[in-house]
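Report on the structure given below.
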Amino acid sequence: MNAKAIFEKTFGGLSREYYFREFIFGLIFVVLFFYPYYAKGMTIPPIGVILTAILSQILYPYSRFVYHSVMDFIFGNNMFVVNAFLMLILKFLMMMICWFFAIFIAPIGLLYLYYHHTKEEKKLQAEEENAQNPDEEK
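FYI, my numbering numbers position 85 of the sequence shown as 110, with every residue one higher than the one before it.
Given below as structure tokens:
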């Protein structure tokens, strides 16, 4: 297994649309993360803060993937009727938690994506082998 295949199965495991959508929402938290530094009159935050923000922003879509997967597992296809304002506040809080803890949450999503895509790849290879050798006994 080469590094390119591992990268494609993990970081390339989400659809572009999903990654882009979550990436755009994550920019809200980049602004909120840097705001205190600009409010204090600092033009450039410390390098550690910048690197943390960049890493969190890159990993945020994978963190949200984990969150959505867990919520889908727990709630399934159930629909809840709640106050829209309350729902938006909770959604924003969960997005914020996912962004700030993306460094810790995203590796779970990356491991799952690797597992899922490896499993799918093996399944496709088995189907191709069966299609090439239909007379072979199983």
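Just so it is clear, CB atoms sit at the ideal spot from N, CA and C, and this is done for glycine as well. If you're wondering where the values come from, they're calculated on a predicted model, not measured in any experiment.
Residue i - DSSP class collapsed to helix/strand/coil
i: Asn-155; result: helix
i: Val-106; result: coil
i: Phe-126; result: coil
i: Ile-114; result: helix
i: Gly-134; result: helix
Through-space distance from residue j to residue i, alpha-carbon basis
i: Tyr-87; j: Thr-77; result: 16 angstroms
i: Phe-90; j: Ala-127; result: 11 angstroms
i: Leu-111; j: Ile-69; result: 35 angstroms
i: Lys-147; j: Gly-37; result: 18 angstroms
i: Met-104; j: Phe-117; result: 19 angstroms
i: Val-106; j: Gln-150; result: 44 angstroms
i: Glu-42; j: Leu-52; result: 16 angstroms
i: Tyr-44; j: Phe-32; result: 15 angstroms
i: Glu-47; j: Asn-155; result: 39 angstroms
Range of the contiguous alpha helix (DSSP H) that encloses residue i
i: Ser-40; result: Where Ser-40 is concerned, there is no enclosing alpha helix (DSSP H), given that its DSSP letter is neither H nor E.
i: Ile-99; result: 72-100
Pair within 8 angstroms by beta-carbon distance, residue i and residue j
i: Met-121; j: Tyr-92; result: no
i: Ser-81; j: Phe-125; result: yes
i: Lys-34; j: Tyr-137; result: no
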